[in-house]
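K.L.:
For the sequence shown, position 194 (counting from the first letter as 1) is numbered 194 according to the UniProt record's numbering, and the numbering increases by one without interruption.
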Amino acid sequence: MPGRIVEDSIPQLDIAVIGSGLGGLSAAIALRRAGHSVTIYERYDFGGEVGASLSVASNGSRLLEEWDVDIRAAKPVVLRSLIMHDWSTGEVTNTYDLGDYRARFGTDYNNFHRIDLHNVLKDTATSSSGKGVPCKLEVWHKATGIDPETGRIQFENGKEVTADAVVCADGIRSVSREQIGVKPKFVPSTSCCYRCIIGADKLRELGLEEYLNNNAIEFWGGYGINKIVLSACSDNNVVSCYCFYPAELNDVTEDGWNLSTTAENLVKTFPGLDPKIHKLFTNAEDIKMWRLYNHDEYPFWTNEKCTLLGDAAHPMVPDQSQGACMAIEDAGALGIVFSPKYSRLSVQQRLKLYETTRKERATRVQSASARARTNLSERIGWSSSSDRPGKLTIEEICGYDIHAHIAQLAEDF
Ligand SMILES: Cc1cc2nc3c(=O)[nH]c(=O)nc-3n(C[C@H](O)[C@H](O)[C@H](O)COP(=O)(O)OP(=O)(O)OC[C@H]3O[C@@H](n4cnc5c(N)ncnc54)[C@H](O)[C@@H]3O)c2cc1C
Numbered sequence: 001m002p003g004r005i006v007e008d009s010i011p012q013l014d015i016a017v018i019g020s021g022l023g024g025l026s027a028a029i030a031l032r033r034a035g036h037s038v039t040i041y042e043r044y045d046f047g048g049e050v051g052a053s054l055s056v057a058s059n060g061s062r063l064l065e066e067w068d069v070d071i072r073a074a075k076p077v078v079l080r081s082l083i084m085h086d087w088s089t090g091e092v093t094n095t096y097d098l099g100d101y102r103a104r105f106g107t108d109y110n111n112f113h114r115i116d117l118h119n120v121l122k123d124t125a126t127s128s129s130g131k132g133v134p135c136k137l138e139v140w141h142k143a144t145g146i147d148p149e150t151g152r153i154q155f156e157n158g159k160e161v162t163a164d165a166v167v168c169a170d171g172i173r174s175v176s177r178e179q180i181g182v183k184p185k186f187v188p189s190t191s192c193c194y195r196c197i198i199g200a201d202k203l204r205e206l207g208l209e210e211y212l213n214n215n216a217i218e219f220w221g222g223y224g225i226n227k228i229v230l231s232a233c234s235d236n237n238v239v240s241c242y243c244f245y246p247a248e249l250n251d252v253t254e255d256g257w258n259l260s261t262t263a264e265n266l267v268k269t270f271p272g273l274d275p276k277i278h279k280l281f282t283n284a285e286d287i288k289m290w291r292l293y294n295h296d297e298y299p300f301w302t303n304e305k306c307t308l309l310g311d312a313a314h315p316m317v318p319d320q321s322q323g324a325c326m327a328i329e330d331a332g333a334l335g336i337v338f339s340p341k342y343s344r345l346s347v348q349q350r351l352k353l354y355e356t357t358r359k360e361r362a363t364r365v366q367s368a369s370a371r372a373r374t375n376l377s378e379r380i381g382w383s384s385s386s387d388r389p390g391k392l393t394i395e396e397i398c399g400y401d402i403h404a405h406i407a408q409l410a411e412d413f
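(1) How is GLU156 classed by DSSP in three states: helix, strand or coil?
(2) Nearest-angstrom Cα distance between ASN303 and PRO318?
(3) Would you mind sorting MET1 into buried or exposed? The rule is 16 or more other CB atoms within 10 Å of its CB.
(4) Between which two residues does the beta strand (DSSP E) holding HIS113 run?
(5) Within the same chain, show all residues whose beta-carbon is closer than 8 Å to that of THR393, passing over the 5 residues directly before and after it, in chain order.
(6) If GLU264 and ILE198 are in contact, beta carbons under 8 Å, what's the gap, nearest whole angstrom?
(7) Mind checking THR190: buried by the 16 CB within 10 Å criterion, or exposed?
(8) With DSSP collapsed to three states, give me the class of HIS405.
(9) So does the stretch 15-32 actually touch the stretch 320-335, counting three or more Cβ pairs closer than 8 Å?
(10) Return helix, strand or coil for PHE105, following the three-state DSSP convention.
(11) How many Å lie between ALA52 and ARG344 at the Cα?
(12) Going along the chain, which unbroken runs of the beta strand (DSSP E) with 3 or more residues stay wholly within the stretch 272-334?
(13) Using only CA atoms, which one of GLY399, CYS398, GLU378 lies nearest to PRO389?
(14) How long is the line joining the alpha carbons of PHE338 and ARG72, rounded to whole angstroms?
(15) For PRO76 and CYS243, I'd like the C-alpha separation in whole angstroms.
(16) Kindly confirm or deny that the stretch 50-69 and the stretch 355-362 touch, where touching means at least three C-beta pairs closer than 8 Å.
(17) Return the bridge partner residues of GLU166 from the DSSP annotation.
(18) If you measure from the CB of SER55, is any heavy atom of ligand 1 nearer than 7 Å?
(19) With which residues is ALA216 paired in a DSSP beta bridge?
(20) Does the structure place the stretch 160-177 close enough to the stretch 229-238 that three or more beta carbon pairs sit under 8 Å?
(21) Sort GLY35, ALA125, VAL38 by Cα distance to GLY22 and report the nearest one.
(22) Would you mind working out which of VAL187, TRP220, GLN320, GLY132 sits nearest ASP86, comparing C-alpha positions?
(23) Using the C-alpha atoms, what's the distance from CYS241 back to TYR194?
(24) So does ALA169 have its beta carbon nearer than 7 Å to some heavy atom of ligand 1?
(25) Can you list, in chain order, the residues of its chain with a C-beta nearer than 6 Å to that of ASN94? Leave out the 5 residues immediately preceding and following it.
(26) Determine whether the beta carbon atoms of VAL139 and ASP274 lie at a separation below 8 Å.
(27) Figure out for me which residue from LEU208, TRP67, ARG114 has the closest Cα to the Cα of GLY90.
(28) Kindly give me the distance between the Cβ atoms of THR374 and GLU297, rounded to whole angstroms, as I take these residues to be in contact under 8 Å.
(29) As a quick exercise: from GLY181, ASN119, ILE172, pick the residue whose alpha carbon is nearest that of ASP147.
As structure tokens, then:
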């Protein structure tokens with residue numbers, strides 16, 4: 001088996017992670033802690049994205065805790081409930097109480113500002129304190145070619161490296177994916193999404209501070225394409241809204257949060273909506289658009305020494321709030337299969353065990369996200385296995401024991 005031998009005789013592999021999004025950074029942390037030497041290659045420097053709320057349920061938060069990530073430093077809002085509002089009056093029509101969540105699932109249901117979490121994960125991966133060897137982070141390294149058999153990676157800047165294993169975490173538009181032989185089949189969703197943020201001072205000025213302090217994910221609509229999803233993050237200092245609307249209204253084709261729009265346009269897109277939310281929109285900062293896509297399950301994720309992770313492996317629409325959580329679970333699985341417990345397996349076998357563990361579950365969440373796009377009763381918390389057998393439920397997602405799952409599957413390896 002390749003790699004160096006360190007004092008405790010665990011073979012230490014050189015592992016390359018392509019992409020330093022939430023998925024890539026999580027993988028780097030998990031693999032560093034498993035005793036390996038990890039280098040993360042990122043095509044850009046950081047700083048372009050303003051970001052908004054991102055909820056991390058216990059299936060993700062449990063792994064963050066296990067990796068000693070300083071969750072407090074990422075300024076979470078601990079969610080206490082899901083709230084459904086009447087579209088036009090804003091009246092509360094339903095509440096799902098998360099009150100005993102920690103007792104049920106072992107961690108809080110954390111709502112982060114995406115950038116806060118990203119910064120803390122980056123620090124954890126590269127810090128000289130913490131378990132394992134600090135990961136190296138190489139920015140301005142855009143991967144352009146990968147050879148799955150040798151683990152050789154070429155970069156746009158002319159550099160080339162060879163790794164014992166390559167984790168391709170380069171997002172929904174992954175180039176690595178095609179390099180390892182996966183041709184994605186996808187169609188544009190009939191939905192697009194605006195995202196806007198607004199600060200605490202402004203909300204107080206407007207008399208809308210309730211949205212800062214409800215410690216909830218709040219929904220308007222959700223039966224059909226139109227849906228507003230509001231939540232607070234960053235120690236209750238920022239509120240963000242994701243606002244889903246029919247793609248045909250402006251037919252956005254560009255990916256990423258690069259396209260801005262005006263508050264007037266945002267208001268106009270949702271006629272008849274709760275006047276308090278229109279008021280919030282009118283005063284919102286940084287309004288961006290996002291194009292949504294539906295990807296079919298990919299035939300495989302792993303080819304020899306390379307595997308896919310996160311949105312590169314299982315891009316999903318955001319309606320279960322589980323895309324990043326699935327990427328964190330992927331990272332958790334990699335950390336386990338590359339731990340000393342499974343050192344009897346080759347790199348290829350470990351990557352196969354990873355894929356076997358992850359693909360079925362992530363695909364189930366991917367399709368449940370697509371169903372939840374236009375049907376809020378499919379969203380975990382609002383869903384229950386008794387209203388339609390087979391629905392994804394909060395118990396299935398948040399109560400997941402990844403260690404036990406891998407131990408069971410490893411018996412066949
Ligand atoms: C509107 C919206 C709301 C969401 N809300 C939630 C939520 O509440 N909870 C949740 O769990 N998930 C949520 N998600 C999903 C979540 O944001 C994604 O699933 C997650 O960020 C994916 O992380 P990733 O690291 O796989 O990909 P990305 O974040 O896309 O990271 C990919 C990285 O790879 C880099 N890269 C790309 N190509 C190359 C290359 N060739 N070489 C080197 N680097 C490269 C990119 O620059 C980037 O840094 C939401 C998504 C959206 C759109």
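For every residue, glycine included, the Cβ atom is placed at its ideal position computed from N, Cα and C.
P.N.:
Short version:
(1) coil
(2) 28 Å
(3) Low local confidence applies: a pLDDT of 44 at MET1 is under 50, so the model's placement there is unreliable, with the coordinate-based value given in what follows. Counting Cβ neighbours within 10 Å, MET1 comes out exposed, since fewer than 16 surround it.
(4) 110-113
(5) ILE380, SER383, SER384, SER385
(6) With a Cβ gap of about 16 Å, GLU264 and ILE198 do not count as contacting.
(7) exposed
(8) helix
(9) yes
(10) helix
(11) 42 Å
(12) 285-295, 306-308
(13) GLU378
(14) 28 Å
(15) 22 Å
(16) no
(17) Residue 166 is actually Val in this sequence, not Glu. Bridge partners of VAL166: ALA16, CYS306.
(18) yes
(19) SER81
(20) no
(21) Gly is not the amino acid found at residue 22; the sequence shown has Leu there. Comparing Cα positions, the closest option is ALA125.
(22) TRP220
(23) 8 Å
(24) yes
(25) MET84
(26) no
(27) LEU208
(28) Not really, about 20 Å apart at Cβ, beyond 8 Å.
(29) GLY181
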